[in-house]
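A.B. asks: So the sequences go chain by chain: A and B. When the letters of the first sequence are read in order and numbered with the working numbering, they come out as residues 2 to 324. When the letters of the second sequence are read in order and numbered with the working numbering, they come out as residues 2 to 324. Supplied in structure tokens, the structure appears directly below.
2 protein chains.
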Amino acid sequence: MKHTQEVVEQILRGEVRAAARLMRELDDGLPGAREVLKRLYPHSGRAHIIGITGSPGVGKSTLTDRLIQYLRQEGHTVGVVAVDPTSPFSGGAILGDRIRMQRHALDEGVFIRSLATRGHFGGLTASARAVITVLDAMGKDYILVETVGVGQDEVEIAATAYTTLVVTVPGLGDDIQAIKAGILEVADILVVNKADREGASRTYQDLLQMLDLQSIRKTKSWKPPVFLTQAKDEQGLTELLAGIREHQEYLQQNQGEALRAARYQRVRQEFLELLKEGVFRDLMARLSGNGRLEEILQEILAKKTDPYSACEALVAETLGVTA
Amino acid sequence: MKHTQEVVEQILRGEVRAAARLMRELDDGLPGAREVLKRLYPHSGRAHIIGITGSPGVGKSTLTDRLIQYLRQEGHTVGVVAVDPTSPFSGGAILGDRIRMQRHALDEGVFIRSLATRGHFGGLTASARAVITVLDAMGKDYILVETVGVGQDEVEIAATAYTTLVVTVPGLGDDIQAIKAGILEVADILVVNKADREGASRTYQDLLQMLDLQSIRKTKSWKPPVFLTQAKDEQGLTELLAGIREHQEYLQQNQGEALRAARYQRVRQEFLELLKEGVFRDLMARLSGNGRLEEILQEILAKKTDPYSACEALVAETLGVTA
């Protein structure tokens, strides 16, 4: 198709309107859009992707805003994917942050895309990954992926960035043993934001101590540094950026060995997510079409079977018996 | 197996230690545990399940704690499933709440189970649903399911309860238009907690106004009431409980028509979640076993294909071509 190729070329040239239209069309599930995405994919893989995650209220959006500003000042182009919970109840703060980010709206070197957690093409994760691919193919130097650090999918999106920042604030350090099963393990860099608050140095010390425990590190040969920032007042950002650059250099050591490993993990995760959604969607279409799903549900409701047995039988039937 | 049947009977008699052991074994993925679960399933479906969801910091745990207390005073038995983000950074507050809930630990009529968002049997959602089934089979009158209202899975678990409470706090009402894609639509009852804070009546009015928009209601014939509470000081709880009871009665009208519809949705959702995990897990085992997954990943990394095309091909190959 000539049109597909045309759109691909526009996006490869970095044309903002073509990219924005494609992202909308991907959300609407237009098959043509998916074709464009397929052709863009081989052109992706060049941008340095930075994940920024942490609990609501730690100041992720302000930090993202500042990072855009600093990276732009250095002459880099920047893409941003903000994955919002779209909870009505956190909507307030997030909208406010988004308005703050608007100051970059007139800057052609910045492209910001916000995603909601519901109603998107193949789920939120697939949406976010598609947007990252588009931004990457557009030629952005850096892609910042901001996600809320609650919910497995949201953490996963940030975790598969090349450099993952986990952001916290002082005063949450008392029960730091709860961290074990938490999001600290996905961090390449830790940020204690709002560092003017009481307890900042305690939190800093606690994090350093925890990081000495080998098991919670994402990469064995990299010990995540901890930075104290006040993003709002631009404190500590130069140091943080230097830390990000240092991690970037670490990834490129030994002919980019660590970077290749990170890229492999990204591709693996992305493919498995697509596969999980894809195989389920197809199976559902089939089961709904032939009335089989309804049949099984009625049997479960009538207590003739239970969902576990029904599921096992159906999986075996679908995939054949595994040797 | 005699042993399986023995455990089933212990749990049906409501024996706490047998139930706790089963839940641990389910987490560890012991096949015997799954067999017990299958036999318990037909005995579930009696408890009234109440979902409690909302953003971090709105006081869900305190509210849950109070509801336990009030339901116990009325002589009901209660099961609780708390789905925590296990974020290190919200860990503090959550642990505090959990300690508060400990006062029910010596009460035989209450069973509390906390779940982390990672590392559980077939994912968090499957874990939570399994625990609900066990509590239900134990004969608990009420099961309270507390989840954080961020992340699709977490909201979904609360949404498939028979009565879903969405909890908010004052002062988040300004950007209430963001609610459209949010979690309000899953609410049977809305709670404005910490109602002594400024802006409570404004939030109350905003919510009432939004509820007049038919499209955001879970059930067409039920208009979610809004309650003002201060869970900490036990304000508004009697009214909230009356509201819960009213919704329970609503579900039982017309020979339980609405309840049957809610149960159907629960069973459907649970089955589809199991199916999605089950079919993916089996497929993964197969692809890893025969080296196919590695092959595809290397092709994507070498840009010989893209993940979208590779996924489509694999799904078609696995399920056969859909007519």
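Note that beta-carbon positions come from the ideal geometry of N, C-alpha and C, so glycine has one too. Since we're looking at a predicted model, the values are computed, not measured.
Give a yes or no on whether the minimum CB-CB distance between residue 52 (chain B) and chain A is below 8 Å.
C.D. replies: Taking the first residue of the second sequence as 1, we reach residue 52 (chain B) at position 51. For residue 52 (chain B), the answer is no, since every Cβ of chain A falls outside 8 Å of its Cβ.
A.B. asks: Going straight from the alpha carbon of residue 13 (chain B) to that of residue 210 (chain A), what length do you get?
C.D. replies: As a first step, residue 13 (chain B) must be located in the second sequence, where it is residue number 12. As a first step, residue 210 (chain A) must be located in the first sequence, where it is residue number 209. The straight-line gap from Cα to Cα measures roughly 46 Å.
A.B. asks: Do residue 241 (chain A) and residue 196 (chain A) have their beta-carbon atoms positioned less than 8 Å apart in this structure?
C.D. replies: Position 195 of the first sequence, counted from the start, is the residue given in the question as residue 196 (chain A). Position 240 of the first sequence, counted from the start, is the residue given in the question as residue 241 (chain A). No.
A.B. asks: Just reading off the alpha helix (DSSP H) that residue 1 (chain B) is part of, what are its end residues?
C.D. replies: A question about residue 1 (chain B) goes unanswered here, because the residues of chain B that appear run from 2 up to 324.
A.B. asks: Starting from the C-beta of residue 108 (chain A), find all residues in its chain whose C-beta is less than 8 Å away, skip the five residues before and the five after it, and write them out in chain order.
C.D. replies: Position 107 of the first sequence, counted from the start, is the residue given in the question as residue 108 (chain A). Closer than 8 Å at Cβ, skipping near neighbours: 73.
A.B. asks: With a CB to CB cut of under 7 Å and the five nearest residues on each side skipped, what residues in its chain are close to residue 105 (chain A)?
C.D. replies: Here residue 105 (chain A) corresponds to residue number 104 of the first sequence, with the count starting at 1. The answer, listed in chain order, is 69, 111 and 113.
A.B. asks: Chain A beta carbons: is any one of them nearer than 8 Å to that of residue 315 (chain B)?
C.D. replies: Walking along the second sequence from the start, residue 315 (chain B) turns up at place 314. Residue contact with chain A for residue 315 (chain B): present (Cβ-Cβ distance below 8 Å to some residue of chain A).
A.B. asks: From residue 27 (chain A) to residue 239 (chain B), what does the alpha carbon distance come to, in whole angstroms?
C.D. replies: Here residue 27 (chain A) is taken as the residue at index 26 of the first sequence, counted from 1. Here residue 239 (chain B) is taken as the residue at index 238 of the second sequence, counted from 1. Looking at the two C-alpha atoms, the distance is approximately 48 Å.
A.B. asks: Select from B:47, B:244 and B:40 the residue whose C-alpha is nearest the C-alpha of residue 257 (chain B).
C.D. replies: Position 256 of the second sequence, counted from the start, is the residue given in the question as residue 257 (chain B). With distances taken between Cα atoms, residue 257 (chain B) lies closest to B:47.
A.B. asks: Determine the contact status of residue 167 (chain B) and residue 187 (chain B), defining contact as a CB-CB distance below 8 Å.
C.D. replies: Numbered from its first residue, the second sequence carries residue 167 (chain B) at position 166. Numbered from its first residue, the second sequence carries residue 187 (chain B) at position 186. Contact flag set, yes.
A.B. asks: Return the residues of the region 258-283 of chain B that lie within a Cβ-Cβ distance of less than 8 Å from chain A, sorted by chain order.
C.D. replies: 264, 265, 268, 269, 271, 272, 273, 275, 276, 277, 279, 280, 281 and 283
A.B. asks: Can you grab the Cα-Cα spacing for the pair residue 302 (chain B) / residue 131 (chain A), in whole Å?
C.D. replies: Within the second sequence, the letter at position 301 stands for residue 302 (chain B). Within the first sequence, the letter at position 130 stands for residue 131 (chain A). Residue 302 (chain B) and residue 131 (chain A): Cα-Cα distance of roughly 16 Å.
A.B. asks: What do you reckon, are the CB atoms on residue 311 (chain A) and residue 272 (chain B) nearer than 8 Å?
C.D. replies: Position 310 of the first sequence holds residue 311 (chain A). Position 271 of the second sequence holds residue 272 (chain B). Yes, these two residues count as a Cβ contact at 8 Å.
A.B. asks: Among the candidates B:189, B:24 and B:298, whose CA atom is the shortest distance from the CA of residue 125 (chain B)?
C.D. replies: On the second sequence, position 124 is the one that residue 125 (chain B) refers to. Among B:189, B:24 and B:298, the Cα nearest to that of residue 125 (chain B) belongs to B:24.
A.B. asks: Taking a contact to mean a Cβ-Cβ separation below 8 Å, would you say residue 79 (chain A) touches residue 40 (chain A) in this structure?
C.D. replies: Within the first sequence, numbered from 1, the residue matching residue 79 (chain A) stands at position 78. Within the first sequence, numbered from 1, the residue matching residue 40 (chain A) stands at position 39. Not in contact: residue 79 (chain A) and residue 40 (chain A) (Cβ atoms no closer than 8 Å).
A.B. asks: Pull up the DSSP beta-bridge partners for residue 53 (chain A), would you.
C.D. replies: Taking the first residue of the first sequence as position 1, residue 53 (chain A) is located at position 52. In DSSP, residue 53 (chain A) forms a bridge with A:147 and A:166.
A.B. asks: Establish whether the CB of residue 230 (chain A) and some CB of chain B are separated by less than 8 Å.
C.D. replies: Taking the first sequence and counting its residues from 1, the one referred to as residue 230 (chain A) is at position 229. For residue 230 (chain A), the answer is no, since every Cβ of chain B falls outside 8 Å of its Cβ.
A.B. asks: Closest Cβ-Cβ distance between residue 91 (chain B) and chain A: below 8 Å?
C.D. replies: For the purposes of this step, residue 91 (chain B) is taken as residue 90 along the second sequence, with counting starting at 1. In this prediction, residue 91 (chain B) scores a pLDDT of 32, lower than 50, which makes its location untrustworthy; the coordinate-derived value is nonetheless stated afterwards. So yes, residue 91 (chain B) belongs to the interface.
A.B. asks: Taking the CB atoms as reference points, tell me whether residue 158 (chain A) and residue 129 (chain A) lie closer together than 8 Å.
C.D. replies: By one-based count along the first sequence, residue 158 (chain A) stands at place 157. By one-based count along the first sequence, residue 129 (chain A) stands at place 128. Contact: yes.
A.B. asks: At a CB-CB cut-off below 9 Å, which residues of chain A make contact with residue 29 (chain B)?
C.D. replies: Locating residue 29 (chain B) in the second sequence gives position 28, where the first residue counts as 1. The premise fails here: residue 29 (chain B) is roughly 15 Å from chain A at the closest Cβ pair, so nothing lies under 9 Å.
A.B. asks: Could you name the residues of chain A that residue 311 (chain B) contacts, counting a contact when the two beta carbons are closer than 8 Å?
C.D. replies: In the second sequence, residue 311 (chain B) corresponds to position 310, counting from 1. Those within 8 Å of residue 311 (chain B) in chain A are 272.
A.B. asks: Quick check: what's the CA-CA separation for residue 212 (chain A) versus residue 226 (chain A)?
C.D. replies: If you number the first sequence from 1, residue 212 (chain A) lands on position 211. If you number the first sequence from 1, residue 226 (chain A) lands on position 225. Straight-line Cα distance between these residues: approximately 9 Å.
A.B. asks: Going by DSSP, name the residue or residues bridged to residue 229 (chain B).
C.D. replies: Here residue 229 (chain B) is taken as the residue at index 228 of the second sequence, counted from 1. Residue 229 (chain B) pairs with B:193.
A.B. asks: Check distances from the C-beta atoms of the region 200-217 of chain B to those of chain A and list, in chain order, the residues that come in under 7 Å.
C.D. replies: Of all residues in the region 200-217 of chain B, none has a Cβ within less than 7 Å of some Cβ in chain A.
A.B. asks: Can you name the residues of chain B whose CB is closer than 7 Å to the CB of residue 307 (chain A)?
C.D. replies: For this step, residue 307 (chain A) is matched to residue 306 along the first sequence. What residue 307 (chain A) touches in chain B, judged by beta-carbon distance under 7 Å, is 39, 42 and 43, going in chain order.
A.B. asks: Below 8 Å, how does it come out for the region 51-70 of chain A and the region 133-145 of chain A: are there three or more Cβ pairs, yes or no?
C.D. replies: With a cut-off of 8 Å, the region 133-145 of chain A and the region 51-70 of chain A count as touching, because enough Cβ pairs lie within range.
A.B. asks: When DSSP builds the beta bridges, which residues end up paired with residue 113 (chain B)?
C.D. replies: Locating residue 113 (chain B) in the second sequence gives position 112, counting from the first residue. Answer is B:81, bridged to residue 113 (chain B).
A.B. asks: What does residue 164 (chain A) reach in chain B if we use C-beta pairs closer than 9 Å?
C.D. replies: Taking the first residue of the first sequence as 1, we reach residue 164 (chain A) at position 163. Here the premise fails: no neighbours, minimum Cβ distance about 19 Å.
A.B. asks: Measuring only the C-alpha atoms, how far is residue 140 (chain A) from residue 19 (chain A)?
C.D. replies: Along the first sequence, read from residue 1 onward, the residue named residue 140 (chain A) stands at position 139. Along the first sequence, read from residue 1 onward, the residue named residue 19 (chain A) stands at position 18. Using only the alpha carbons, I get a separation of about 14 Å.
A.B. asks: List the whole-angstrom C-beta distance separating residue 162 (chain B) from residue 44 (chain B), where the pair is believed to meet the contact cut-off of C-beta under 8 Å.
C.D. replies: Stepping through the second sequence from its first residue, residue 162 (chain B) is reached at position 161. Stepping through the second sequence from its first residue, residue 44 (chain B) is reached at position 43. The pair is not a contact, with the Cβ atoms about 19 Å apart (cut-off 8 Å).
A.B. asks: Residues of chain A with a CB under 8 Å from the CB of residue 302 (chain B): which are they?
C.D. replies: What you label residue 302 (chain B) is simply residue 301 of the second sequence in a count that begins at 1. Here the neighbours are 264, 265 and 268.
A.B. asks: Cα separation between residue 222 (chain B) and residue 268 (chain B)?
C.D. replies: Here residue 222 (chain B) refers to the residue found at position 221 when the second sequence is read from its first residue. Here residue 268 (chain B) refers to the residue found at position 267 when the second sequence is read from its first residue. Approximately 21 Å, taken between the alpha carbons.
A.B. asks: Using 10 angstroms around the beta-carbon of residue 17 (chain A), count the other beta-carbons present and answer buried if the total reaches 16, otherwise exposed.
C.D. replies: By 1-based counting over the first sequence, the position of residue 17 (chain A) is 16. The C-beta of residue 17 (chain A) has fewer than 16 other C-beta atoms within 10 Å across all chains shown, which makes the residue exposed.
A.B. asks: Given that a residue counts as buried once 16 or more other Cβ atoms are within 10 Å of its Cβ, and exposed if not, what is residue 116 (chain B)?
C.D. replies: As a first step, residue 116 (chain B) must be located in the second sequence, where it is residue number 115. Looking at its Cβ environment, which holds 16 or more other Cβ atoms inside 10 Å, residue 116 (chain B) is buried.
A.B. asks: Could you tell me which residues DSSP pairs with residue 236 (chain A) in its beta bridges?
C.D. replies: Working through the first sequence from its first residue, we reach residue 236 (chain A) at position 235. Residue 236 (chain A) has A:231 as its beta-bridge partners, per DSSP.
A.B. asks: Roughly how many angstroms separate the alpha carbons of residue 317 (chain A) and residue 34 (chain B), rounded to a whole number?
C.D. replies: For the purposes of this step, residue 317 (chain A) is taken as residue 316 along the first sequence, with counting starting at 1. For the purposes of this step, residue 34 (chain B) is taken as residue 33 along the second sequence, with counting starting at 1. Their backbone Cα atoms lie some 20 Å apart in a straight line.
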